[in-house]
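For reference, each letter of the sequence shown is one residue, going 16 to 453 in my numbering. This report refers to the structure that appears directly beneath it.
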Amino acid sequence: MAIRPLLQKKITTILNHHQKKDKTLFSSPSIISNNNPLLFSSSQSSISTCFRQLAFSSTAFSRQHQRQRQRQQEQPPPNHQILHRFPHRFRSSVSLPDTLAQKIGKSFRRPGAPSKARVYADANVIRPKDYWDYESLTVQWGEQDDYMVVKKVGRGKYSEVFEGMHCTDNEKCVIKILKPVKKKKIKREIKILQNLCGGPNIVKLLDIVRDQQSKTPSLIFEYVKNTDFKVLYPTLSDFDTRYYIYELLKALDYCHSQGIMHRDVKPHNVMIDHEQRKLRLIDWGLAEFYHPGKEYNVRVASRYFKGPELLVDLQDYDYSLDLWSLGCMFAGMIFRKEPFFYGHDNYDQLVKIAKVLGTDDLNAYLNKYRIELDPHLAALVGRHSRKPWSKFTNADNQHLAVPEAVDFLDKLLRYDHLERPTAKEAMINDSMIEWCIL
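Shown next as structure tokens:
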């Protein structure tokens, strides 16, 4: 630890050097590692290399995003989009574009069928404005130099994530260094984490720090010794699956009761320390406060876990979106099929859902909420009968896909978001009591 001041001085020097080139440069908290010999090297170039791995400019990030969008636009349409798969009645009016996504417009919704959450609809109405008005939040910044980066553990669209350590007590933590986004999005995540602090199975926000030169914010969280879900899930017993689903429902019911939708429930955002049987729901970057009647962005959640409401552009959705995502996650667990709905894009995602749940219920859902799909999307979806859940059961998963579990899944994966159980109902309904209560 005696060499830390020397390292800090060199990193500060490097940061100052790069700041002259790019004022929006990313920085990290103080860097040290017992696992990475580069960080103990006295060579300035080695330290510079390590720093560059942690820090990059917002300009470079923007260029990368532009290149990614350009590549997506240049990709040919997947096989499922070819014209001969369209229903016959659409063939005369639909021509195959270079990319079908360029042809498909938003769904149209006629007025007269508003949607409102069945529970906790007024959770924010009854609270003072400063509870949910995150744009007025004044952030109290901690000391960045109190934390050290140990190693990188992940990255996402909006952040880089590192295992870290508190300098004073050597307590492990997780450091989430945010990429360039609008200030109000950062404030929203911070406000939501502060409001949910202490809730069951909600990851705990420990501190908020910011680099003084680049103004790059970092969120400091409690550490969870997570096992990658692709490794963990195949080893889980029926008993384990019951336990963790129930623990996740606790977290969801709590955040919903506080007027907050997570909007990104998926295995990647559920940390599990299997040895301690500890679960934490993380990544609240897409979470939002629920206000009845408000129209929300449908470009949330990860593709494989997007609810039908998002895929048909129903904007006044609510907490029930999280229950669909939970259902997708649960289906992947009990059928050993991850992801369960494997769409190649958002349009194909709706197709994959329709091929399992059928189009009769989809059409009933669309009619109820007065939604008209774009003709190209309607043609792509086609007509499908509902598949029985038994079609997904085999010798490898039959010990997990027991009747009570399948019945519980059937209640979660409903087109109509108002027909899905709430998180609290899911914990106490008959199927859950039989299958899940320990």
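We treat Cβ as the ideally placed atom computed from N, Cα and C, and that holds for glycine.
query, result
"Excluding sequence positions up to five away, which residues of its chain have a Cβ less than 6 Å from the Cβ of Ala132?", "Asp333, Tyr334"
"Kindly indicate the opening and closing residues of the beta strand (DSSP E) around Val280.", "Val280 -> no beta strand (DSSP E), and no H or E assigned at all."
"Would you report the Cα separation of Leu111 and Ala393, rounded to the nearest angstrom?", "Its pLDDT being 39, under 50, Leu111 is placed unreliably in this model, and the coordinates cannot settle the point."
"Starting from Gly347 and walking both ways along the alpha helix (DSSP H), at which residues does that stretch end?", "335-349"
"Less than 8 Å between C-beta atoms, sequence neighbours within five positions excluded: which residues of the same chain meet that for Lys367?", "Phe356, Tyr357, Gly358"
"Would you identify the three-state DSSP class for Tyr261, choosing helix, strand or coil?", "helix"
"Contact between the stretch 118-130 and the stretch 281-294 is defined here as three or more beta-carbon pairs at a separation below 8 Å; is this criterion met?", "no"
"Give the straight-line distance between the Cα atoms of Asn139 and Asn409, rounded to the nearest whole angstrom.", "45 Å"
"Can you look up Met442 in the DSSP assignment and give me helix, strand or coil?", "helix"
"On a Cα-Cα basis, can you pick out the residue from Val168, His432, Phe423, Glu434 that is closest to Met442?", "Phe423"
"Among Gln159, His181, Lys194, Lys187, which one has its Cα closest to the Cα of Lys172?", "Lys194"
"How would you label Asp179, buried or exposed, when you count the other beta carbons within 10 angstroms and need 16 or more for buried?", "At residue 179 the sequence reads Gly, which differs from the Asp that was named. That one is buried."
"Reducing DSSP to helix, strand and coil, say where Glu310 ends up.", "coil"
"Hey, how far is the Cα of Leu329 from the Cα of Thr250?", "37 Å"
"Ignoring anything shorter than 3 residues, give me the beta strand (DSSP E) runs that lie fully in the stretch 169-219, in order along the chain.", "174-181, 187-193"
"Apart from the five residues just before and just after Asp253, which ones in its own chain have a Cβ nearer than 8 Å to its Cβ?", "His414, Leu415, Val417, Ala420"
"Taking the beta strand (DSSP E) that Asp288 falls in, what are its first and last residues?", "285-288"
"With distances taken between CB atoms, is the gap from Ile190 to Val218 smaller than 8 Å?", "no"
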